[in-house]
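Enquirer:
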Amino acid sequence: MTASSTDQIIAGYEALQGAGGAAVVERDVVSVSGPDAARYLQGQLSQDVVAMVGDSAWSFLLAPTGKVDAWLRVHRIDSENYILETDPGYGDVLVTRLKRFLLRTKATITDPQNCVLLQHRWDSSLVRLGGDDVEGVLVGAPVGLGVAGRDELLL
Numbered sequence: 014m015t016a017s018s019t020d021q022i023i024a025g026y027e028a029l030q031g032a033g034g035a036a037v038v039e040r041d042v043v044s045v046s047g048p049d050a051a052r053y054l055q056g057q058l059s060q061d062v063v064a065m066v067g068d069s070a071w072s073f074l075l076a077p078t079g080k081v082d083a084w085l086r087v088h089r090i091d092s093e094n095y096i097l098e099t100d101p102g103y104g105d106v107l108v109t110r111l112k113r114f115l116l117r118t119k120a121t122i123t124d125p126q127n128c129v130l131l132q133h134r135w136d137s138s139l140v141r142l143g144g145d146d147v148e149g150v151l152v153g154a155p156v157g158l159g160v161a162g163r164d165e166l167l168l
């Protein structure tokens with residue numbers, strides 16, 4: 014890595030720590046809904062989805078042996094509606110694995126839909142523009158070591 018590329022990485026990191034930043038990414042999106050959605054996902058994902066009221070977090074989809082089947086971001090919309098997003102091309106794997114143990118459970122899992130997401134971070138001093146004008150775009154937020162800010166998902 015050259016000094017120039019290191020400087021660019023540091024500048025990008027500092028921008029995210031300061032006012033904010035945004036990136037457009039492609040993701041496969043799956044919806045899980047129904048009265049048993051929370052209970053079902055609680056048993057399938059590594060994240061405590063019941064405690065995530067109106068929030069989102071990274072999670073693993075675990076095999077019964079404890080091995081990782083998928084890495085995803087889970088968004089809790091309300092007590093019966095969740096949105097799962099994963100890397101492009103992995104949506105079918107996610108749906109197949111989730112439907113495998115969906116027995117006598119009042120939850121519906123949709124087929125994956127390829128979407129473009131605008132991931133963003135900003136601090137409270139910034140004015141938010143155009144949020145309500147964005148149509149058909151999910152707005153999430155990147156996470157990682159040292160990245161501050163709230164996560165948000167707009168439908």
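In my numbering, the protein residues as written are 14 to 168. Heads up, the beta-carbon is just placed ideally off N, CA and C, and yes, glycines get one too. Predicted, not measured: the structure shown is a model, and the values here were computed from it.
With C-beta atoms as the reference, is residue 96 less than 8 Å away from residue 42?
Expert: It is a contact, given that the beta carbons lie within the stated cut-off.
Enquirer: Taking the straight line between their C-alpha atoms, what separation do you get for residue 82 and residue 22?
Expert: Going from the Cα of residue 82 to the Cα of residue 22 covers about 31 Å.
Enquirer: Cβ of residue 64 within 8 Å of Cβ of residue 94?
Expert: Taking 8 Å as the Cβ cut-off, residue 64 and residue 94 do not qualify as a contacting pair.
Enquirer: Give the straight-line distance between the Cα atoms of residue 74 and residue 90, rounded to the nearest whole angstrom.
Expert: The alpha-carbon atoms of residue 74 and residue 90 are separated by roughly 19 Å.
Enquirer: Where does residue 116 land, buried or exposed, given buried means 16+ other C-beta within 10 angstroms?
Expert: Exposed: under 16 other Cβ atoms inside 10 Å.
Enquirer: Check whether the Cβ atoms of residue 124 and residue 108 sit closer than 8 Å, and answer yes or no.
Expert: Cβ distance < 8 Å, so residue 124 and residue 108 count as in contact.
Enquirer: Using a 10 Å radius around the Cβ and a threshold of 16 neighbouring Cβ atoms, would you call residue 19 buried or exposed?
Expert: Classification of residue 19: exposed, given that the 10 Å Cβ count is below 16.
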